[in-house]
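Here's the structure we're looking at; comments come further down.
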Amino acid sequence: MSGGVPRHVAVIMDGNGRWARERGLPRHAGHLEGMKAVRETVAGACAAGVEVLTLFAFSTENWKRPKTEIQALMEVLDTFAESERHALIREGVEVRVLGELERLNERSRAAVSGIVASTRGGETLLLNLLISYGAREEIARAARNLARQARDGLIDPETIDPATFRTALYTGGLPDPDLLIRTSGEYRISNFMLWQLAYAEMYITPVYWPDFTREDLFAAILDYQRRERRFGRVAAH
Ligand code: IPE
Ligand code: IPE
Ligand code: MG
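Residue numbers (the working numbering): 1230 to 1466.
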């Protein structure tokens, strides 16, 4: 059995739209309500002793949604960066934002740099927010960077192995997620951390993201603790 607390928990926060629709509300009301679940999950992760929490907030493919919804999602991001800043600093949460940030508008880029700069050095929890993120894009970018270094004679292509490749990913030296949670009952990965999830334990809950609480996080962690992680080896007796 895995026993301990997962060092790294990653979450595909899904179901905001369906949460809103069931209440006869516009989709953006679901996104706004989702902030509450982010707060819950951050507090739960701190309480449980998780070291790294990664939240998938906006995918490369989400750029294909209607303009008005993209705008609403970016406004939620801006609001989060502003309203949560003090609480995050107080809780010792260091925020990093990973993804193709050059695609964000100036206002959101400023919100992102603000929250990153003001939480730097927090020691309780590292919170990765994945925005404008796609795993295939991340892997292609890593390959591009390594190819450039090889072309410039900085590295020998023969030395590129999984250990060096991982350092070229956005998540660099971080441990891989031990536990992947997806809300809203969808059984798919949706272009999320394809490299890093190689041996993650998966936990899928029907709960829509805006309803997700710290108790749901603890339930996922308890479930994880009952798993036997074999990493391709035979079971320990
Ligand atoms: C998750 O909720 C938020 C993002 C993907 C940005 P959705 O907006 O995907 O909600 P559903 O899946 O339509 O219910
Ligand atoms: C995945 O959810 C992306 C995020 C949670 C940010 P989606 O709702 O975009 O995924 P699909 O389209 O159902 O696969
Ligand atoms: Mg969805």
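Beta carbons are placed, not taken as given, at the ideal position from N, Cα and C, and that holds for glycine.
CB of residue i within 8 Å of CB of residue j, strictly
i	j	result
N1489	E1331	Past the boundaries of the shown model lies residue 1489; the chain is included only from 1230 to 1466, so the question cannot be answered.
Q1454	G1232	yes
F1285	Y1362	yes
T1270	R1443	yes
P1295	L1408	no
A1371	D1405	no
V1326	L1358	yes
S1337	M1303	yes
F1287	I1360	yes
M1422	A1266	no
T1400	Q1425	yes
C1275	L1354	yes
Beta strand (DSSP E) segment containing residue i, residue limits
i	result
L1261	Counting along the chain, L1261 falls outside any beta strand (DSSP E), though it belongs to the alpha helix (DSSP H) covering 1256-1277.
E1335	Unbroken run through E1335 is the alpha helix (DSSP H), 1335-1348; no beta strand (DSSP E).
V1326	1322-1327
L1383	Where L1383 is concerned, there is no enclosing beta strand (DSSP E), given that its DSSP letter is neither H nor E.
Residue i, DSSP secondary structure in three states
i	result
L1451	helix
E1430	strand
I1299	helix
L1403	coil
R1411	strand
F1209	Outside the shown range of the chain (1230 to 1466) lies residue 1209, about which nothing can therefore be said.
I1389	coil
P1439	helix
Residues sharing a beta bridge with residue i, DSSP
i	result
T1283	A1239, N1357
S1288	Y1362
Proximal residues to residue i (C-beta, below 7 Å), its chain only, five neighbours per side dropped
i	result
D1243	R1411, T1412, S1413, E1415, W1438
H1260	N1245, A1301, L1302, V1305
Residues near residue i by beta carbon distance below 6 Å, same chain, minus five either side
i	result
M1431	L1409
H1237	V1281, P1404, P1406, D1407
G1351	G1321, V1322, E1323
G1328	L1359, I1360, S1361, Y1362
8 Å Cβ shell around residue i - same chain, five flanking residues per side excluded
i	result
A1310	A1340, V1341, G1343, I1344
I1218	The structure shown has nothing for residue 1218, since the chain only spans 1230 to 1466.
Terminal residues of the alpha helix (DSSP H) in which residue i lies
i	result
G1246	1245-1251
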